[in-house]
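Student: Residue numbers (my numbering): 1 to 108.
I'd like to ask some things about the structure below.
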């Protein structure tokens, strides 16, 4: 890689640490492996890995229901599966008194 591209890569890594190596490679026009090698050779380690975590939890009266880490990206099918499977297990762990007194139905 020429020194001009190397400087551009290092500037982006320093000034915009949220960019992934793939994003920087696309901007500069080099491979993401080249961006990674360049940034680590010069001690620059400001780039970050992007990830997401989907967690569901709720409060029923004064009790916090245990958090559930959803493994798939939320969509209608995955959420329906969660409601039918995981949520039912969580509710079975609660005392019947708490469930009845919470009045889950918005009309009551």
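Ideal Cβ positions, reconstructed from N, Cα and C, are used throughout, including at glycine.
Source: prediction; values computed, not measured.
#1: Could you please give the first and the last residue of the uninterrupted beta strand (DSSP E) stretch that includes residue 66?
#2: Mapping the DSSP letters down to three states, classify residue 19 as helix, strand or coil.
#3: Using CA coordinates, which residue listed in 93, 53, 15 is at the minimum distance from residue 69?
#4: Which value, in whole angstroms, describes the spacing of the CA atoms of residue 11 and residue 5?
#5: Hey, quick one: how far does the beta strand (DSSP E) through residue 54 stretch, first residue to last?
#6: Taking Cβ to Cβ, would you say residue 34 is nearer than 9 Å to residue 9?
#7: Taking residue 94 as the reference, give the member of 63, 16, 57 with the closest Cα.
Tutor: So, from the listed chains and residues:
#1: 63-70
#2: coil
#3: 53
#4: 10 Å
#5: 54-60
#6: yes
#7: 63
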